[in-house]
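For reference, the structure is listed below as structure tokens.
Protein chains in written order, with the working numbering: chain A, 1 to 439; chain B, 440 to 878.
Take a look at the structure:
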């Protein structure tokens, strides 16, 4: 009788979920998935939450309900603080978890290149909370502009800066163009939302550098049609409450969104392991950490070099790596040799706006409606397994037909007791606003 | 040529929205609707957001989009700080608004009967933010219970107390019963969610005192079937981080929800006007404030006595009063006499759980499935005008068929910058948790 092995998977993103799904097929494994959130996020559509087209629950699904009824899968909501490789322990605030195999799939965070203070003024787009915060800022800017009487301040409220010309930056800028040109155009009496300024700033030569120059050009023209101004070869040197500084220039803008860099998960620097660029964890060809043959790192958290290039932080990479790790653990259990990971390139795509996208796959380059249709098909296909795919399709159909956006709800940041505490002031302090608001 | 009149409506609830819709039919009126939120809330279904069955955007609709294209309606998002009756000005932080007619429809807030400190430990259910906070607490309690090893603490995490046996308390307690008995029953490995304790505390003789004793009894039995324990004639004397105190008794419970009282809108005490019970504003038979013939108060904010009883805080009252105010303003403009308001009783209803409700209307008393079908029909009917009624029906159909709840998402309370500030610590302080969490 073979002894049961404990596998701990940290992180319920594309990599972690796929690892657990594959691992669970082997009844000799007891799998524990630890995540600090209770939900798996369909990250490719997160910008749609930030831009009020979808609701948070439409792209998020409770991890527990994904694995409801899986007998050998346990879900723990908690924050992993560290790993003791010698004792094979994953450490959390409330308990240590013993592992035979460990799969790290913690993903990545926003990176501000050391400019820590910028985050409060320019949120990135990695979590639902950030998406909701961006939605709040964008919608509130229009509300404030409408009631503002000073034309200079109004202009500042109607100026949106997106920093970073990768796919996320493109999607945010394009969606801002759509909202201001179409969705909101009849809703305000004191502003013309179609005159909103949207500036996309990219430090490099051109936007979307991972695509061919031709497709990158098509994307630029698509964005310009939506009213987005693109500034390439432009470096942001400062961000504050009032706008963005570019060396000697200054853009007054109340809303700045950050899509310029991703950095390591919290955990990476706490583990004494070798890090590659962006502080991702350097892994062997079988995705293990050098010297730790039972610890795998996958997805955005891993720095895996193939043909001289590090694999990018894409969902297909994480999905394939998650499934691959399970295969190698199964091989171990059958005492067969492990295999090296090979990435099967699924191509890259980015959506620009209403019925416009670019797709690059195996030498094929597509743009416009056909590319958008492929984008839509792929995203709906991958959403299968999500209970709410029908609702999303319905929602999209609705918003593409009507130019409306269903989730234009501003909720106040962070619930707190409303009543003023007097005698008991100490027991219910009202939280201070962040510096971003106070300054 | 008649001169245009300014009408200011404060509050975008049922009363305010219906007042504006009716008023807008008269092109001689310029109407400004001021609300501190950007959305109208379908409050009767708010408990479904708190209980993870619906997403916030499914019961909220941007006020602007309701009145998109209405030429004589202007929407302002802002907090009304006061009213200067002499100068006919509505005061906000950013501007004063002049009115010829003023309609106050600010609704009501939770009331803790002077126990200000309780709110942090026992949130009420009046806004989307509160609903999201309740959802977070309820779902997090199950997560923490599952990973808790001390059986006493586990029991405390799996004890839910609902204070208040009115319709909101019933709906919350019933939904908690459903979640724990059905939705979550297969999702946890270390707890049996079906053993969750749900205690409903009511100070009076029986729950749902506005219904007949017979229906109130049926509701009690329905709740008991869902595992809810009902304690009547029980007064809460203390609420803290660890539970609830009842004179000499103590219930250890990590989650306490407040549905025991509603109180006045912020504004009421700032206006020097006569207040009725619950500090609602006492109004004349035409809904005006005594001495202010051009200032109307409607809905939960108004204290209107009919046949010796104050009208309750129900949607049908607010809707009828909103429409009625418009008629009287139209009468003024034609120099015809105003009429007194008469409430057309639409009956009362409360839902207990899956396919169970009670309805009392014109001497008719219904319960069980038939009452629930009526409840459902009425709510879907009133949702018409909401763009998302189709999605709600779809969502409900889905969750009633599968016992699942689609919106089981825990978001962290209040976005804040994640990165640790070092040198620039001052500029981005991480917010402190409330005392409720720290203690």
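We put the CB at the ideal spot given by N, CA and C, even for glycine. A quick note: this is a predicted structure, and the numbers were derived from the prediction, not measured.
Return the residue from the list the options that minimises the CA-CA distance to residue i.
{"i": "residue 454(B)", "options": "545(B), 446(B), 745(B)", "result": "545(B)"}
{"i": "residue 51(A)", "options": "113(A), 347(A), 140(A), 25(A)", "result": "140(A)"}
{"i": "residue 584(B)", "options": "661(B), 680(B), 693(B)", "result": "693(B)"}
{"i": "residue 239(A)", "options": "233(A), 232(A), 249(A), 231(A)", "result": "249(A)"}
{"i": "residue 526(B)", "options": "518(B), 519(B), 535(B), 520(B)", "result": "535(B)"}
{"i": "residue 342(A)", "options": "45(A), 265(A), 304(A)", "result": "304(A)"}
{"i": "residue 130(A)", "options": "232(A), 283(A), 47(A), 367(A)", "result": "47(A)"}
{"i": "residue 234(A)", "options": "222(A), 190(A), 203(A)", "result": "203(A)"}
{"i": "residue 294(A)", "options": "332(A), 196(A), 322(A), 137(A)", "result": "332(A)"}
{"i": "residue 697(B)", "options": "559(B), 723(B), 630(B), 496(B)", "result": "559(B)"}
{"i": "residue 664(B)", "options": "651(B), 636(B), 550(B), 680(B)", "result": "636(B)"}
{"i": "residue 12(A)", "options": "201(A), 93(A), 315(A)", "result": "315(A)"}
{"i": "residue 849(B)", "options": "483(B), 711(B), 492(B)", "result": "492(B)"}
{"i": "residue 265(A)", "options": "329(A), 345(A), 80(A)", "result": "80(A)"}
{"i": "residue 211(A)", "options": "115(A), 117(A), 366(A)", "result": "366(A)"}
{"i": "residue 28(A)", "options": "43(A), 329(A), 339(A), 223(A)", "result": "329(A)"}
{"i": "residue 161(A)", "options": "319(A), 42(A), 306(A), 201(A)", "result": "201(A)"}
Is the beta carbon of residue i sitting closer than 8 Å to the one on residue j?
{"i": "residue 8(A)", "j": "residue 34(A)", "result": "yes"}
{"i": "residue 801(B)", "j": "residue 814(B)", "result": "no"}
{"i": "residue 683(B)", "j": "residue 616(B)", "result": "no"}
{"i": "residue 325(A)", "j": "residue 298(A)", "result": "yes"}
{"i": "residue 675(B)", "j": "residue 691(B)", "result": "no"}
{"i": "residue 168(A)", "j": "residue 125(A)", "result": "yes"}
{"i": "residue 231(A)", "j": "residue 262(A)", "result": "no"}
{"i": "residue 287(A)", "j": "residue 321(A)", "result": "yes"}
{"i": "residue 163(A)", "j": "residue 108(A)", "result": "no"}
{"i": "residue 20(A)", "j": "residue 73(A)", "result": "yes"}
{"i": "residue 735(B)", "j": "residue 484(B)", "result": "no"}
{"i": "residue 531(B)", "j": "residue 517(B)", "result": "yes"}
What number of angstroms, rounded off, separates the C-alpha of residue i from the C-alpha of residue j?
{"i": "residue 359(A)", "j": "residue 274(A)", "result": "34 Å"}
{"i": "residue 457(B)", "j": "residue 31(A)", "result": "55 Å"}
{"i": "residue 387(A)", "j": "residue 380(A)", "result": "Interpretation of residue 387(A) is limited by its pLDDT of 49, a score under 50 that renders its predicted location unreliable; no figure is taken from the coordinates."}
{"i": "residue 443(B)", "j": "residue 369(A)", "result": "49 Å"}
{"i": "residue 494(B)", "j": "residue 571(B)", "result": "9 Å"}
{"i": "residue 461(B)", "j": "residue 773(B)", "result": "16 Å"}
{"i": "residue 741(B)", "j": "residue 847(B)", "result": "36 Å"}
{"i": "residue 382(A)", "j": "residue 49(A)", "result": "18 Å"}
{"i": "residue 555(B)", "j": "residue 681(B)", "result": "17 Å"}
{"i": "residue 521(B)", "j": "residue 776(B)", "result": "29 Å"}
{"i": "residue 285(A)", "j": "residue 291(A)", "result": "13 Å"}
{"i": "residue 10(A)", "j": "residue 633(B)", "result": "28 Å"}
{"i": "residue 699(B)", "j": "residue 756(B)", "result": "21 Å"}
{"i": "residue 372(A)", "j": "residue 783(B)", "result": "53 Å"}
{"i": "residue 151(A)", "j": "residue 43(A)", "result": "37 Å"}
{"i": "residue 475(B)", "j": "residue 159(A)", "result": "23 Å"}
Provide the residue(s) that pair with residue i in DSSP beta bridges, ordered along the chain.
{"i": "residue 488(B)", "result": "Answer is none; residue 488(B) lacks a bridge partner."}
{"i": "residue 249(A)", "result": "246(A)"}
{"i": "residue 811(B)", "result": "None; residue 811(B) has no bridge partner."}
{"i": "residue 367(A)", "result": "358(A)"}
{"i": "residue 230(A)", "result": "200(A)"}
{"i": "residue 729(B)", "result": "None, per the DSSP bridge assignment."}
{"i": "residue 721(B)", "result": "742(B)"}
{"i": "residue 6(A)", "result": "30(A)"}
{"i": "residue 536(B)", "result": "529(B)"}
{"i": "residue 599(B)", "result": "637(B), 694(B)"}
{"i": "residue 790(B)", "result": "796(B)"}
Would you check whether the ligand NAP has a heavy atom nearer than 7 Å to the C-beta of residue i?
{"i": "residue 465(B)", "result": "As presented, the structure is devoid of all ligands, the ligand NAP included, so that no description of it is given."}
Please determine if the region 90-105 of chain A and the region 50-70 of chain A are in contact, where contact requires at least 3 C-beta pairs separated by less than 8 Å. no
For the region 278-290 of chain A against the region 146-153 of chain A, are there 3 or more C-beta pairs whose distance is under 8 Å? no
Does the contact criterion of 3 or more C-beta pairs under 8 Å hold for the region 607-615 of chain B versus the region 744-760 of chain B? no
Quick one: any contact between the region 213-224 of chain A and the region 346-356 of chain A, if contact means 3 or more CB pairs under 8 Å? yes
I'd like to know if the region 68-86 of chain A and the region 624-634 of chain B are in contact, where contact means that at least 3 CB-CB pairs between them fall below 8 Å. yes
Stretch-stretch touch, CB-based, cutoff 8 Å, three pairs: the region 592-600 of chain B with the region 645-654 of chain B: no
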